[in-house]
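Residue numbers (the numbering used here), protein chains in the order written: chain A, 132 to 326; chain B, 132 to 326. All residues carry an ideal CB built from backbone N, CA and C; glycine is no exception. Just so you know, these numbers come straight off a predicted model, no measurement behind them.
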DNA sequence: CTAAAAAACTAACGTTCGTTAGCTTTTGTG
DNA sequence: CACAAAAGCTAACGAACGTTAGTTTTTTAG
């Protein structure tokens, strides 16, 4: 019988998804291809029918997530809204990505340092660019008196990293919805920013 | 007699300090004993004159940091001060530890998952206990109307993880002092908490 | 149904890993 | 100075690692 009805999820995607879970659990350096193979239900060597190397998996995870951030911040910059709403949109973006794809976000946060050159340098540049654009929004918000004067880097990094805990804590069974989570975190962080 | 706890910095301490830097840089699983030996200026096998295993180094780092947190929160609980000041004291504790021993704190945050059982379970219990005590302070602060009503877990984890970025960013050469850093972060987070 | 393409398997490669054994050198103490 | 303890060295072990080669099975397409 036909095993695929429509657009099927490729085995490659299954491998990368499972790898994200594994890397999150054990850390990239401590996770082996044989661990991964077992989870996928296949011999270790068979994985190489779908991917070129272990490094390639990490690259794919990190750059997909980085791409999500970068593509969304462009939209946010272009919106005709207050800086408060722009920052709110960034916070919501980070929470949504974390909730929707916790494993990949966690791996990107924790294991990007294991990217091999030259991908490591490219990733760092991407991240630095994203941070610079976020910082600029905060800076302009301060200039327009929407936010209180403060060290822009401190504000930005505090906001960015304050969302990381969600990875360790959130799971859909908890009696708090994504919406409530967003509301509470956004409120907590925005009050601190406001003038 | 062993010159362990006397005046001089033992080689064992040097090894563990260097290991913290190495583990922070590459991640525990990706760092090898030969990497570590090279940094210490010794052959890999010689390290085993001072420590029992690679795992033991990770344990020592994680439990020393965990101990710092636990011992300080007892003092903070006992102080006769407002809940605002208690939370402020916890934030300052986290910032100070991060600035004073960035590498060990980073390793504890990133690599505790690699602790071997039964140490892993013990560590988790320690951390859960610490979090429960911190949460209780926030809860009481809300009850006493010092803080606005909100989800206690969300507030606690947001505060706890918001300080982690300092590891990636802070270095003594930056033109911001630890005091300024403390002031800005504390202000940002406390305003969000306040009623 | 057939044949090619894709994906799985077994086996093994060369490396690197954490660690041990056994010997030599350095250091601290009386 | 004597000499034991501490700390270093070289060599090597077995295990695990990422990965490749070669073969067989499964899936896909005409």
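The C-beta of residue 223 of chain B comes no closer than 8 angstroms to any C-beta of chain A. When the beta-carbon positions are compared, residue 265 of chain B and residue 214 of chain B stay at least 8 angstroms from each other. Taking the CA atoms as reference points, residue 253 of chain B sits about 16 angstroms from residue 202 of chain B. Under the Cβ criterion of 8 angstroms, residue 161 of chain A is counted among the residues facing chain B. Residue 192 of chain B and residue 147 of chain B do touch by the CB rule: their CB atoms are close to 7 angstroms apart, below 8 angstroms. Residue 273 of chain A: member of the alpha helix (DSSP H) spanning 250-274, first to last residue. For residue 181 of chain A, there is no enclosing alpha helix (DSSP H), as DSSP marks it with neither H nor E.
Judged by pairs of C-beta atoms under 8 angstroms, the segment 216-226 of chain A touches the segment 287-297 of chain A, as three or more such pairs exist. Rounded to whole angstroms, the gap between the alpha carbons of residue 166 of chain A and residue 159 of chain A is 11 angstroms. No Cβ of chain B is located within less than 8 angstroms of the beta carbon of residue 215 of chain A. If you check the CB distance, residue 188 of chain A and residue 150 of chain A come in under 8 angstroms. Spatial neighbours of residue 170 of chain B in its own chain (CB-CB distance under 8 angstroms, excluding positions within 5 residues in sequence) are listed in chain order as 149, 152, 153. For a cut-off of 8 angstroms, the C-beta gap from residue 196 of chain B to residue 143 of chain B is around 17 angstroms, too long to register as a contact.
Less than 8 angstroms separates the beta-carbon of residue 244 of chain A from that of residue 157 of chain B.
For residue 218 of chain A, the enclosing alpha helix (DSSP H) covers residues 214-231.
Distance from the CA of residue 258 of chain B to the CA of residue 176 of chain B, rounded to the nearest whole angstrom, comes to 34 angstroms. In this structure, the straight-line span from the alpha carbon of residue 212 of chain B to that of residue 314 of chain B is close to 19 angstroms. Per DSSP, residue 289 of chain A is one residue of the alpha helix (DSSP H) stretching across 283-292. Using a CB distance cut-off of 8 angstroms, residue 226 of chain A does not count as an interface residue toward chain B.
When Cβ-Cβ separations below 8 angstroms define contact, residue 264 of chain A makes no contact with chain B. Ranked by Cα distance from residue 311 of chain A, the first of B:281, B:302, B:320 is B:281. Residue 285 of chain A reaches chain B at 307, 312, 315, 316, 319, counting residues in chain order whose Cβ is nearer than 8 angstroms. Judged by beta-carbon spacing, residue 219 of chain B lies within the 8 angstroms limit of residue 321 of chain B, meaning their Cβ atoms are closer than that value.
For residue 281 of chain A, the nearest beta carbon of chain B is closer than 8 angstroms to its own beta carbon.
Only those residues of the segment 287-306 of chain A whose C-beta falls short of 7 angstroms from the nearest C-beta of chain B are listed: 288, 289, 291, 292, 293, 295, 296, 300. Rounded to the nearest whole angstrom, the CA to CA distance from residue 270 of chain B to residue 291 of chain B is 15 angstroms. Contact of residue 232 of chain B with chain A by beta-carbon distance below 7 angstroms is absent, the smallest such distance being about 18 angstroms.
Just so you know, the alpha carbons of residue 250 of chain B and residue 190 of chain B end up roughly 7 angstroms apart.
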